[in-house]
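Enquirer: Protein chains in written order, with numbering that gives the first Met the number 0: chain E, 0 to 187; chain S, 0 to 557.
Ideal Cβ placement from N, Cα and C applies to all residues, glycine included.
Just so you know, these numbers come straight off a predicted model, no measurement behind them.
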Amino acid sequence: MPNKEIAEPGRTMTLEAFADTMLPGARRFVGDRAVAGVLTGGGAVASGAVTVLEMSAPGISAGLDDLVKLLNEHAALYAEQHGLAGDESVPAFVSLPFEHRTQLARQLLAPGHPEKEFWVLLALFSYMAFDGAPHMHTTDALAAGHPGLTAMGFARPDADGLWRFPAYSYGRPLAAIHPDTTPSGSPA
Amino acid sequence: MTATASPSGTTERTDVLVIGSGFGGAIAAYHLAAGGARVVILERGPWLNGEDFDHDYLLGSSYTRVFDFVAGDGMSLLGGNCVGGGSVVYFAALPRAPRFAFERHGSIGRRMWPAGISRDSLEPWYDRVAEAIPVSRQDWSDVPYAGGLWAAACNHSGRTANPVPVGIETDKCVNCNWMMAGCRFDAKRSLLFNYLPAALSHGADIRPLHEVQRLSRTDDGGYRVHYNVIDDEDYRISTGSGAIDAKIVIVAAGAGATPVILQRSEAELGPMPYAVGRFFSGNGERLNTAIINEERVREVLGLSRDDGRVYEAFQIGKGPAVANWDRLDASLPEYSRYSLEQLYFPPGLGTILAQVPGASAPTWFGKAKREMLEQWKSWLIIFQMIEDDNEGVFGPPPPTGNAVRISQQMLGRGALRYAPTMNTIRGWAAADAEVKEILERDGLATVAPWTNDVVGAYTVHPLASCRIGDDPATSALDDKHELRGHPGIFVTDGSAVPGALTVNPAMTIAALAERAMPAIVEAARQRGVEVRYGAPAPDGSTNGRRGVTPLVPSLVRD
Chain E
0 MPNKEIAEPG RTMTLEAFAD TMLPGARRFV GDRAVAGVLT GGGAVASGAV
50 TVLEMSAPGI SAGLDDLVKL LNEHAALYAE QHGLAGDESV PAFVSLPFEH
100 RTQLARQLLA PGHPEKEFWV LLALFSYMAF DGAPHMHTTD ALAAGHPGLT
150 AMGFARPDAD GLWRFPAYSY GRPLAAIHPD TTPSGSPA
Chain S
0 MTATASPSGT TERTDVLVIG SGFGGAIAAY HLAAGGARVV ILERGPWLNG
50 EDFDHDYLLG SSYTRVFDFV AGDGMSLLGG NCVGGGSVVY FAALPRAPRF
100 AFERHGSIGR RMWPAGISRD SLEPWYDRVA EAIPVSRQDW SDVPYAGGLW
150 AAACNHSGRT ANPVPVGIET DKCVNCNWMM AGCRFDAKRS LLFNYLPAAL
200 SHGADIRPLH EVQRLSRTDD GGYRVHYNVI DDEDYRISTG SGAIDAKIVI
250 VAAGAGATPV ILQRSEAELG PMPYAVGRFF SGNGERLNTA IINEERVREV
300 LGLSRDDGRV YEAFQIGKGP AVANWDRLDA SLPEYSRYSL EQLYFPPGLG
350 TILAQVPGAS APTWFGKAKR EMLEQWKSWL IIFQMIEDDN EGVFGPPPPT
400 GNAVRISQQM LGRGALRYAP TMNTIRGWAA ADAEVKEILE RDGLATVAPW
450 TNDVVGAYTV HPLASCRIGD DPATSALDDK HELRGHPGIF VTDGSAVPGA
500 LTVNPAMTIA ALAERAMPAI VEAARQRGVE VRYGAPAPDG STNGRRGVTP
550 LVPSLVRD
């Protein structure tokens, strides 16, 4: 975790707001500003996005301060260009309504944006928190009701923590095979 | 028969140094070791087996240890990063390439394959591989729900569909769909079960976590191979370095790494052939994700599972199971032929690029995308392999390895640039349209291709970055896989394949490596190594050897 004394102000909140823009979810508490609350159920933030971003393994934690600063600079400029009233009690990106967070994220992630590569990394690991829970053993994540994996309907493992699907096939021919298939089962 | 220290005690020596332990490296190591040569294999990734293969997306589990994702400019690559290479992480689809693939002209206006190689002439070498890695023709009862659904949809639109031949022991397979993390149940017949243990039994020495950086020459006409030792957990960290001298070097680091090693060696070895790091092909790959309408599938296709559900089975299975091969038709013009293969792609990287069918931007993130993820059980992925145009070019190599590593494992930034030509773009568009036509017919599903806007196009089968051919201007290797202008260096991995195959390429990569062996053995003999060609299959079977015996003299004669 970053040293809170030197971390960019609003670092966690800004990262949460970005992750919520990628895969949005419900507000966690009354007055939650980072999560816009445009959907019910947990999104990337509740799935652990900030924890994933702050881990050393993905390799981007050292650059997060810079990304947060840059994101809020972009947001301030965006708000000015669109005549949006800022709320100085929260970081500039957090103060944007969800639709505008989305529009700004689209711009930053678009092919040709000079910083695209960095925003893609932020998006990638925010996203992975939801669809893979890479900060937890998958078995633990499912047992704990991890929002992303649960919402996706990821199956529970067997008692030994391994997945097996004894029922897996419709078990009957469902199409004619290609007439030129060779004895090895390959195309001719 | 392992490497020995040199008289000066400073540099190890071996007869043959093999870079990489995937199909190209393992096959070469086996034949050379079995023939009597001292063989050392340097593998950049770890050495895992059986119970090391986790069912876990936790960063640091086998899922992130054994494969490598390299983001390029316009194309990203997924490859193996472990002993056994791609064979450990792949989905074990082993079709032979269609006959027309060998006749392709591609971007050079004339046949790109060497005159000596056609489907017919490669057939005995395919047979050799099939003896070493038994290929199962799946029965319909082996085909998981997702493959069955794809077959039924193809049938409904008047098309055929084939269970894909696989290197899987179906009796052991539990359809867990964790194949990309390595097979926990020893059902996948990876190289860990055939060529590699056979090479070991003949004295080959496999060194994991040894990442080759470059080659230089030795005074005796051989090569010195320089490597870094990679930390077992954090691949960004190098814990040491060293060098080994060898009379013959086989570069089989994968199409995303072989050209990088050779480019980095250029300062000491002298100019590389023009085609090193050029003519890269992503095997024309692209993915589509469909969201299945369960009720329509019940009504239109009449499918249902024993428990009454219709499908909801995206997670169940074993990679690709069924392919549509109707467009693998030699009478069609080049760039219009492709296969459409049902495929599982796991979370972690397999959902972010999927676009919401019919959505306005943003299509790959946001509200609609989260809602799409809630239908994940009803997803179906179709993998298209078209004929691309060998557009990829590698820029200057990174300081070490094949990429600047971002994450401790798995993710790096590489130097590949890929700008698809209109031929490739049209091929993808035609395949997209056909997938849509099949799956949206009668409301079975809604479908959209993966976006290329995030990490470019995306391939799990990088090819052709150091390819064989007859023309020195457009091929880095001669038809015996020897690097032009650098005798004694051979390349036997996917980078040697001249172009996109329209099917999964592992079988063809392996067959070409088998075919390259007589000439490599002969080159070793000419350099004073006591080695003979003629090993049986790794399990001792001899039918394959019998089949290729008549061909061997023509492959070693200059």
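Would you kindly work out how many angstroms separate the C-alpha atoms of aspartate 141/S and serine 183/E, rounded to a whole number?
Expert: 17 Å
Enquirer: Specify, as a first and last residue, the run of the beta strand (DSSP E) that alanine 70/S falls within.
Expert: First-last of the beta strand (DSSP E) with alanine 70/S: 66-72.
Enquirer: Rounded C-beta distance between alanine 505/S and phenylalanine 22/S? I'm assuming under 8 Å.
Expert: 6 Å
Enquirer: State the DSSP-derived secondary structure class of arginine 213/S, mapped to helix, strand or coil.
Expert: strand
Enquirer: Leucine 339/S bridges to which residues according to DSSP?
Expert: Under DSSP, leucine 339/S takes part in a beta bridge, and its partners are Asn323/S and Gln383/S.
Enquirer: Look at methionine 74/S and tyrosine 417/S and say whether their C-beta atoms are less than 7 Å apart.
Expert: yes
Enquirer: Do you know how far the Cα of cysteine 175/S is from the Cα of tryptophan 162/E?
Expert: 5 Å
Enquirer: Threonine 13/E CB to nearest chain S CB: under 7 Å?
Expert: Cβ-Cβ to chain S under 7 Å: no for threonine 13/E.
Enquirer: Check for me: the beta strand (DSSP E) holding lysine 246/S runs from which residue to which?
Expert: 237-250
Enquirer: With DSSP as the reference, identify every bridge partner of alanine 289/S, one or two as the case may be.
Expert: Leu379/S and Val446/S
Enquirer: Does DSSP put proline 178/E in a helix, a strand or coil?
Expert: DSSP places proline 178/E in coil when its eight states are reduced to three.
Enquirer: Taking C-beta pairs closer than 8 Å, name the residues in chain E that glutamine 354/S reaches, listed in chain order.
Expert: Residues of chain E passing the Cβ test: none, with the nearest at roughly 13 Å.
Enquirer: List, from N- to C-terminal side, the alpha helix (DSSP H) runs of 4 residues or more that fit wholly inside the segment 184-212 of chain S.
Expert: 194-200
Enquirer: Measure the alpha-carbon distance for leucine 95/E versus alanine 75/E and round it to whole angstroms.
Expert: Leucine 95/E and alanine 75/E: Cα-Cα distance of roughly 9 Å.
Enquirer: Would the segment 506-523 of chain S and the segment 26-33 of chain S be scored as touching if the rule is three or more Cβ pairs under 8 Å?
Expert: Because the criterion of three Cβ pairs below 8 Å is met, the segment 506-523 of chain S and the segment 26-33 of chain S touch.
Enquirer: Report yes if the CB atom of arginine 95/S is closer than 7 Å to the CB atom of serine 125/E, and no otherwise.
Expert: no
Enquirer: Buried or exposed: which applies to arginine 514/S, given that a residue is buried once 16 or more other Cβ atoms fall within 10 Å of its Cβ?
Expert: buried
Enquirer: Considering only residues of the same chain and omitting the five flanking positions on each side of serine 264/S, which have a CB-CB separation below 6 Å?
Expert: Arg213 and Leu214
Enquirer: What are the uninterrupted segments assigned as beta strand (DSSP E) that are 3 or more residues long and contained completely in the segment 67-154 of chain S, given in chain order?
Expert: 74-79
Enquirer: When you compare the CB of leucine 208/S with every CB in chain E, is at least one pair closer than 7 Å?
Expert: no
Enquirer: If you check the beta carbons only, do alanine 104/E and threonine 13/E fall under 7 Å apart?
Expert: No, Cβ-Cβ distance for alanine 104/E and threonine 13/E is not below 7 Å.
Enquirer: Could you give the C-beta distance for glycine 42/E and leucine 22/E, rounded to a whole number, given that I count them as a contact under 8 Å?
Expert: At roughly 5 Å, the Cβ-Cβ gap stays under 8 Å, so glycine 42/E and leucine 22/E are in contact.
Enquirer: If asparagine 542/S and glutamate 130/S are in contact, beta carbons under 8 Å, what's the gap, nearest whole angstrom?
Expert: 6 Å
Enquirer: Counting only runs that start and end within the segment 434-512 of chain S, where is the beta strand (DSSP E) found for 3 or more residues in a row?
Expert: 444-448, 456-458 and 488-490
Enquirer: With burial defined as no fewer than 16 other Cβ atoms inside 10 Å of the residue's Cβ, what is the status of aspartate 159/E: buried or exposed?
Expert: Counting C-beta atoms within 10 angstroms of its own C-beta, aspartate 159/E has fewer than 16 neighbours from the protein chains shown and is therefore classed as exposed.
Enquirer: Which class does asparagine 282/S belong to by DSSP, given the choice of helix, strand or coil?
Expert: coil
Enquirer: Kindly say whether tyrosine 249/E, judged by its beta-carbon, lies nearer than 7 Å to any beta-carbon of chain S.
Expert: The requested residue 249/E is not part of the displayed model; chain E covers only 0 to 187.
Enquirer: Since glycine 47/E meets chain S, which of its residues come closer than 8 Å, beta carbon to beta carbon?
Expert: Those within 8 Å of glycine 47/E in chain S number zero; the least Cβ separation is about 12 Å.
Enquirer: Roughly how many angstroms separate the alpha carbons of arginine 526/S and isoleucine 247/S, rounded to a whole number?
Expert: 8 Å
Enquirer: Any beta-carbon of chain S closer than 7 Å to the one on lysine 3/E?
Expert: Per-residue confidence for lysine 3/E stands at a pLDDT of 46, beneath the threshold of 50, marking its modelled position as unreliable; the derived number appears in the next sentence. No, lysine 3/E lies away from the interface with chain S (no Cβ there is under 7 Å from its Cβ).
Enquirer: Report the residues of the segment 20-39 of chain E with a CB closer than 9 Å to any CB of chain S, ordered along the chain.
Expert: Thr20, Met21, Leu22, Pro23, Gly24, Val37 and Leu38
Enquirer: Any beta carbon of chain S sitting closer than 7 Å to that of histidine 99/E?
Expert: Not closer than 7 Å to any Cβ of chain S, the Cβ of histidine 99/E fails to qualify, so no.
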